[in-house]
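S.K.: Position one of the sequence shown corresponds to residue 199 (our numbering), numbered consecutively onward.
All residues carry an ideal CB built from backbone N, CA and C; glycine is no exception.
Fair warning: this is a prediction, and the values are worked out from it, not measured in the lab.
This is the structure I want to talk about, given as structure tokens.
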Amino acid sequence: MWRSALNGPEPDWQRYYIDLIFTLFDTSGDGLIDLAEYIQVLSIFDISQTEAISSFDKFAKKDDGTNIMAINYNQFCSLWHDYFHSTDMNAPGNYLFGYIS
Numbered sequence: 199m200w201r202s203a204l205n206g207p208e209p210d211w212q213r214y215y216i217d218l219i220f221t222l223f224d225t226s227g228d229g230l231i232d233l234a235e236y237i238q239v240l241s242i243f244d245i246s247q248t249e250a251i252s253s254f255d256k257f258a259k260k261d262d263g264t265n266i267m268a269i270n271y272n273q274f275c276s277l278w279h280d281y282f283h284s285t286d287m288n289a290p291g292n293y294l295f296g297y298i299s
């Protein structure tokens, strides 16, 4: 199932899953995931506020590397792709759900 997504466009089921997870993080429904929302969701999984802030700072950046206050859906999708497909352990998307141990 995941393997097929590696070799082409994401299948419909995966796009629905991405939409679901984005919606869960975007608790305000404004189309953005900000730091407060990110901390709130990660706390459900017993990830500390300190780790959540540090993780958010790793991926919430403009192309020039400066930090931003929130990520939009397209940025989330790009980070999601990094998380599941990148072989680079330092790819920003690898921090999407906290630190990788």
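Tell me whether the beta-carbon of ALA258 lies closer than 8 Å to the beta-carbon of ILE251.
M.R.: Residue 258 sits at position 60 when you count from the first residue of the sequence shown. Residue 251 sits at position 53 when you count from the first residue of the sequence shown. Against a cut-off of 8 Å, the Cβ pair of ILE251 and ALA258 comes out as no contact.
S.K.: Note down, in chain order, each residue of its chain lying with its Cβ closer than 7 Å to the Cβ of CYS275, except the 5 sequence neighbours on either side.
M.R.: The sequence position of residue 275 within the sequence shown is 77, counting from 1. For CYS275, where only same-chain residues beyond five positions count, the Cβ hits under 7 Å are ILE216.
S.K.: Relative to the C-alpha of THR264, which candidate in GLN238, TYR271, GLY227 and ASP255 has its C-alpha closest?
M.R.: As a first step, residue 264 must be located in the sequence shown, where it is residue number 66. When each option's Cα is compared against that of THR264, the closest is ASP255.
S.K.: Secondary structure at LYS256, three-state DSSP: helix, strand or coil?
M.R.: Here residue 256 is taken as the residue at index 58 of the sequence shown, counted from 1. Helix at LYS256.
S.K.: For GLY227, which of helix, strand or coil comes out of DSSP?
M.R.: Within the sequence shown, numbered from 1, the residue matching residue 227 stands at position 29. Reduced to three states, the DSSP call for GLY227 is coil.
S.K.: Considering just the uninterrupted stretch of the alpha helix (DSSP H) at ILE298, what are its terminal residues?
M.R.: Here residue 298 refers to the residue found at position 100 of the sequence shown. Note, ILE298: premise wrong, no alpha helix (DSSP H); not H, not E.
S.K.: Can you check DSSP and say which residues form a bridge with SER268?
M.R.: The residue labelled residue 268 in the question sits at position 70 within the sequence shown. This sequence places Ala at residue 268; Ser is not what is there. Assignment of beta-bridge partners to ALA268 by DSSP yields ASP232.
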